[in-house]
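A short worksheet on the structure shown next.
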Amino acid sequence: MSTKLRPWLPEPFVFPPIDFDPLRTPDKIAEPCCDCSEGAPPLGLSRPTSPASSTSGKATSEKDILRLPGHFQGWRMGVTLCAITTGTVLVINLIVITWVAAGDGLEGGLGTLQQGSCQKTKHLSLWLHLAINLLSTLLLGASNYTMQCLSSPTREEIDKAHRKRIWLDIGIPSLRNLRQIGRGRIVLWWSMAFSSIPLHLLYNSVVFSTLSAHEYSVFAASAELVNGVAAQEFSANRTAFNWTSPTNWTNTGPYDTMQHFQNASGWQKLDNRDCIKAYGQDYVSAHGDLLLISPAISASEMIVSFVYGPGNGFGNTWWMCDISEQTFANDCSVNAVADRAANWTITYEINDGLTTNQTTHDQIQQKGCPVQYCFSQPVEEQCRVQVSLVILGIVIACNATKALCMLLTIRNQKSQPLVTLGDAIQSFLQEPDPSTEGMCLASKAHLNDARMKKVSMSQNRRLRRLWQKPNSDKTQWIDKPMEWSNRRHWWFSSASLKRWLVCNILCVATLGAAGGCLALGIGNPNLTDRSLAYLWQLGYGTVASQSMISWSLPGTGGLLVAILVANSLQVLLSFLYLAYNGVFTCMLLANEWAEYAYSRKPLRVTSPTGSQRSTYRLQLPYKYGVPLLVLSGILHWLVSQSIFLARISAFTSEGVVDPGESISNIGYSNIAIITVIALGTIAVLLGILNGFRIFRPGMPLAGSCSAAISAACHRPRGDVDAAKKSLMWGVVKVEGDIGHCCLTSFQVEKPIVGKLYAGLSTD
Numbered sequence: 001m002s003t004k005l006r007p008w009l010p011e012p013f014v015f016p017p018i019d020f021d022p023l024r025t026p027d028k029i030a031e032p033c034c035d036c037s038e039g040a041p042p043l044g045l046s047r048p049t050s051p052a053s054s055t056s057g058k059a060t061s062e063k064d065i066l067r068l069p070g071h072f073q074g075w076r077m078g079v080t081l082c083a084i085t086t087g088t089v090l091v092i093n094l095i096v097i098t099w100v101a102a103g104d105g106l107e108g109g110l111g112t113l114q115q116g117s118c119q120k121t122k123h124l125s126l127w128l129h130l131a132i133n134l135l136s137t138l139l140l141g142a143s144n145y146t147m148q149c150l151s152s153p154t155r156e157e158i159d160k161a162h163r164k165r166i167w168l169d170i171g172i173p174s175l176r177n178l179r180q181i182g183r184g185r186i187v188l189w190w191s192m193a194f195s196s197i198p199l200h201l202l203y204n205s206v207v208f209s210t211l212s213a214h215e216y217s218v219f220a221a222s223a224e225l226v227n228g229v230a231a232q233e234f235s236a237n238r239t240a241f242n243w244t245s246p247t248n249w250t251n252t253g254p255y256d257t258m259q260h261f262q263n264a265s266g267w268q269k270l271d272n273r274d275c276i277k278a279y280g281q282d283y284v285s286a287h288g289d290l291l292l293i294s295p296a297i298s299a300s301e302m303i304v305s306f307v308y309g310p311g312n313g314f315g316n317t318w319w320m321c322d323i324s325e326q327t328f329a330n331d332c333s334v335n336a337v338a339d340r341a342a343n344w345t346i347t348y349e350i351n352d353g354l355t356t357n358q359t360t361h362d363q364i365q366q367k368g369c370p371v372q373y374c375f376s377q378p379v380e381e382q383c384r385v386q387v388s389l390v391i392l393g394i395v396i397a398c399n400a401t402k403a404l405c406m407l408l409t410i411r412n413q414k415s416q417p418l419v420t421l422g423d424a425i426q427s428f429l430q431e432p433d434p435s436t437e438g439m440c441l442a443s444k445a446h447l448n449d450a451r452m453k454k455v456s457m458s459q460n461r462r463l464r465r466l467w468q469k470p471n472s473d474k475t476q477w478i479d480k481p482m483e484w485s486n487r488r489h490w491w492f493s494s495a496s497l498k499r500w501l502v503c504n505i506l507c508v509a510t511l512g513a514a515g516g517c518l519a520l521g522i523g524n525p526n527l528t529d530r531s532l533a534y535l536w537q538l539g540y541g542t543v544a545s546q547s548m549i550s551w552s553l554p555g556t557g558g559l560l561v562a563i564l565v566a567n568s569l570q571v572l573l574s575f576l577y578l579a580y581n582g583v584f585t586c587m588l589l590a591n592e593w594a595e596y597a598y599s600r601k602p603l604r605v606t607s608p609t610g611s612q613r614s615t616y617r618l619q620l621p622y623k624y625g626v627p628l629l630v631l632s633g634i635l636h637w638l639v640s641q642s643i644f645l646a647r648i649s650a651f652t653s654e655g656v657v658d659p660g661e662s663i664s665n666i667g668y669s670n671i672a673i674i675t676v677i678a679l680g681t682i683a684v685l686l687g688i689l690n691g692f693r694i695f696r697p698g699m700p701l702a703g704s705c706s707a708a709i710s711a712a713c714h715r716p717r718g719d720v721d722a723a724k725k726s727l728m729w730g731v732v733k734v735e736g737d738i739g740h741c742c743l744t745s746f747q748v749e750k751p752i753v754g755k756l757y758a759g760l761s762t763d
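Per UniProt numbering, the sequence shown starts with residue 1, numbered consecutively.
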C-alpha cells in the first residue's frame, strides 16, 4: 500500500492583529514576544498558549488577522469615508461644470442641457433635482459626522474642564464643547459650518427649468376668412383698404396678412373654454397668434379686425373681457370669463380702415363681439433645462472646503477624542477622574445649572456654591452621599430644554412657511381648478404660468433674489435635520446608558480591544440614523419641487429669444407642498411620540454629561481591565450605611431605594 508523501507543516498558529501605524518611528516598534498579558505587540507573530494570552480572553478571530493601519481605525476611518464621499461628490461636480462649459449654447453663464418639449424637460429636471438632493444629503451626513468628531473632547480637555467645574458633551453634536476644545478644531468646525450655508442655499438652483413665453397677436374675423373667401374678395379690391399688420412679420402688406390667416384652417381649433384657458395665463408658451371667429363679422363688411398685440406672452388678458366687465387694467378675471364661455363676448377699438360699413362698426363698438370658436397658431415648444455655471462654481468651492477640512481633521487630530459613550466610559474606567469621586448617583440634572430644581434645596445650595467657586480646595462637585430614588424618566428629559426649543421652533417655522406657500398657491386667481386631482395632474416641480409668483425679476439681480427666496426653505430644512439628529442622539445615548443597569454588555468604542465592540457610526444607531438621513433627503427633494427658481424666456413671433424681455421668477407646486406638509407632520409626530417613551429605571440619567458619566466609572481597584470586559452598573461595595455604585465587570446588586451611596474611599 503506497502512501503519498506530504510536506512537513508546522503546528497551526494564530496570527495576532496587525497594528501598523505609518507615522510611527521604527524605534518605537516593539519586538515580537510570545507571552504578553496585553496581547501580541504590533507586527509580531505569536502562538498564544492559552486563551488568556489574547486581549479578548479568547483566541484571535479570523476577522482580526488583518486590520487596517492604526492611523485609519475608529473615528479616523469614519472621517476618511466621509472625505472619500465628499471627494466623490466634488469630482462629479467638476465633471459637470467642465462638460457644460465645453458644450454649445453657453450664454451669459447659463448652459442648456435640453431644449424642446416641456414634458421632457419637466422629467429631466425632476430626475436631476433628485440626483442633486442625493449628493446634497451625502454631503450633509458626511459634514455632520466630521463636525461631531471635531467637537468631541479629548480626555485632557475633559479633565481641564472638570477642574473648572464645567462638564462637556459626550457622543452628541455640541456647540457647548466649542468653548473648551483646541483652536485648530474650532476653525475647522466653523469652516465646515459656514460652507454648508451657501451649499444648501444654492445647490438646488444649479439646475432649473426655463419656460418660454411666445409673442402673439389676437384678431377677430369671420369664418369665411379661414375658408379663403374673404382673401379672394380682398385680392380683387385691395386698394379699398389701407392697413398694415401690427405683427412683426417680414411682409407686412394687408394681402399677406390675409394669406396668413387663410392658412388658419390648419391651426388648432379650440372651443371658447379651451381658448380662454390657453391664453388666460401669465406666460403663453404653447400657442402663437390667435384668430377669434365671430358671427358678428361679415366678410362683405369687415375682413379682419385687430384685437390685441403684439403681446410678449406675459399675459395681459384685458382683451378677453367685455368693457363693461373690466376696468381697463392689464388683467380681468379669467375664471369669471371661463364660467361664461358659451356667451363669451369681447369689446375692443376697431380700426376705421378695416371696415366699409359704418353701421357694423358702431354695432360692434357698442354691443361687443361674440366669439364662436378660435383658431390657435401652433408653435414649437421651447422649454429648457439650464445650468448656472456661476452657482455651480460656488457649490464646488464649498464642496472643496468641506473635503479639505476633513483631510485636515484626519491629519492634524493627534489626540484620541471621546467620540462615543463607550469611548468615554473606557477612558474613565482606565483612569478614574478624581473630580467626580463620591458622587456615584450624580445625574445630568444634578450638574446642570438650568436643571437645579431636580435636587433638594440643601443639595442645590451646595452644588451652586461649588459650581461658582472653581478654585475651591474641594475636588468634587458633590461632597456628601446621595439617596437613591428609583425614578422613571421620559425620553424627553435626555435632551436639554434649549435643544427641544430650537427643534420645535424650526419645525413650526418650516411647516408654517410651507403652509403659507400653499395658501398663496391655492388662492392664485389664475388657478382654474383647485381639486386634488388637477393639482396632481400639474405635477411636482412643474414650471407653469398658473403656479408662479408674479414678481418678474429682470437681470442678474433678479436671478439672485429668486434663488435666495426659492432656497430659503432648504437652509431651514438642513438646520432642522441637524436639530432632529441632535435630539434623537441625546435620547438614544441615554437609552444605551440606561441598559447597563439591566444587562451585562461590552463597550461599543471606535478602537476596540478585548471583548469591546467596534463601530464606525457615532452615537446614533443605523436603524435611526439611516432613516433620518433618508427622510431628510426626501424632504429636501420635495422642497426643491415645492418652491423653485423658474426662468421665463421671451420669444418673438419669429421664434427668436428676446433677452431684454426674459425674467427670473419663483415657481411652486401645490401638490408638492401638500406632500411636504403631510410628511413633515408625520415626522414631527413620530419624534414627539418617541419622546413619550420611558427609560427603564435603575440608573441615574447621565445623558451626554461627561461629569455624570465619569461619576459612574469609579470601579473597584481590583477591576483593572474592566473596560475590556462586559460591564453592568450596580452596587459593588457596602461600608456600613454607605454603599457605592459603578460600572464594573464584577458582580453587582441593584441599589435600594432610600439608601445612601457615595464613591469609593481614597484611603
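Using N, Cα and C, we set each Cβ at its ideal position, and we do this for glycine too.
Just so it is clear, the structure is predicted and the values come from calculations on it, not from any experiment.
- As summarised for the segment 676-743, the continuous alpha helix (DSSP H) elements at least 4 residues long and confined to that stretch are 706-711, given in chain order.
- Under the criterion of beta carbons closer than 8 Å, H636 and T137 qualify as touching, at roughly 6 Å.
- Here the alpha carbons of I671 and L532 stand approximately 8 Å from one another.
- The C-alpha of L535 is placed about 27 Å away from the C-alpha of L113.
- Closest in alpha carbon position to M320, among L290, A161 and N567, is L290.
- Every alpha helix (DSSP H) stretch that sits fully inside the segment 368-448 and reaches 4 residues is listed by chain position as 389-412, 421-430 and 444-447.
- No Cβ-Cβ contact shorter than 7 Å links I170 with A513.
- For E749, the beta-bridge partners assigned by DSSP are V731.
- Secondary-structure assignment with DSSP links N93 through no beta bridge to anything.
- In the three-state reduction of the DSSP assignment, S209 falls in the strand class.
- Comparing alpha-carbon positions, the option among I522, Y596 and Q180 lying closest to P700 turns out to be Y596.
- For A702 and A678, the gap between their C-alpha atoms comes out near 35 Å.
- With contacts defined as CB atoms closer than 7 Å, N204 and I276 fail to qualify as a contacting pair.
- Cβ-Cβ distances below 6 Å link W729 to Y596, A597, M699 and L743 in the same chain, with the five nearest sequence neighbours on each side left out; the list follows chain order.
- For S485, the number of other beta carbons within 10 angstroms of its own is below 16, and it is reported as exposed.
- Annotation for A101: G111 and L389 place their beta carbon closer than 8 Å to its own, counting only its chain and skipping 5 residues before and after.
- M406 is positioned such that its CB atom lies no closer than 7 Å to that of T585.
- With a beta-carbon spacing of about 6 Å, T675 and L638 fall inside the 8 Å limit used to define contacts.
- It is roughly 18 Å from the alpha-carbon of S607 to the alpha-carbon of L589.
- Residue state for T121 is assigned as helix, using DSSP reduced to three classes.
- Cβ-Cβ distances below 7 Å link R487 to P697 in the same chain, with the five nearest sequence neighbours on each side left out; the list follows chain order.
- For V89, same chain residues with a beta-carbon under 8 Å away, outside a window of 5 residues either side, are L135, L138, L139 and N399 in chain order.
- In summary, Q570 is buried, with 16 or more beta-carbon neighbours lying within 10 Å of its beta-carbon over all protein chains present.
- In this structure I172 is in contact with Q619, their Cβ atoms being roughly 6 Å apart against a cut-off of 8 Å.
- The criterion of a C-beta distance shorter than 7 Å is satisfied by G667 and A646.
- Look at E224 here: in three-state DSSP terms it is helix.
- Per DSSP, the unbroken alpha helix (DSSP H) holding R499 starts and ends at L497 to I522.
- C-alpha of K724 to C-alpha of S195: approximately 40 Å in a straight line.
- Nearest in C-alpha terms to I396, of all of Q382, G87, I549 and S117, is G87.
- Here W344 has N272 and V371 as same chain residues with Cβ atoms under 6 Å from its own Cβ, once five neighbours each way along the sequence are excluded.
- Around L128, the same chain offers V207 as residues with beta carbons nearer than 6 Å, after the five sequence neighbours per side are excluded.
- Secondary structure of T609 (DSSP, three-state): coil.
- For L756, the beta-bridge partners assigned by DSSP are E483 and I738.
- Per DSSP, N670 has no beta-bridge partner at all.
- With contacts defined as CB atoms closer than 7 Å, V732 and P751 fail to qualify as a contacting pair.
- Residue nearest to C741 within the set A712, G718 and L727 is A712 (criterion: CA-CA distance).
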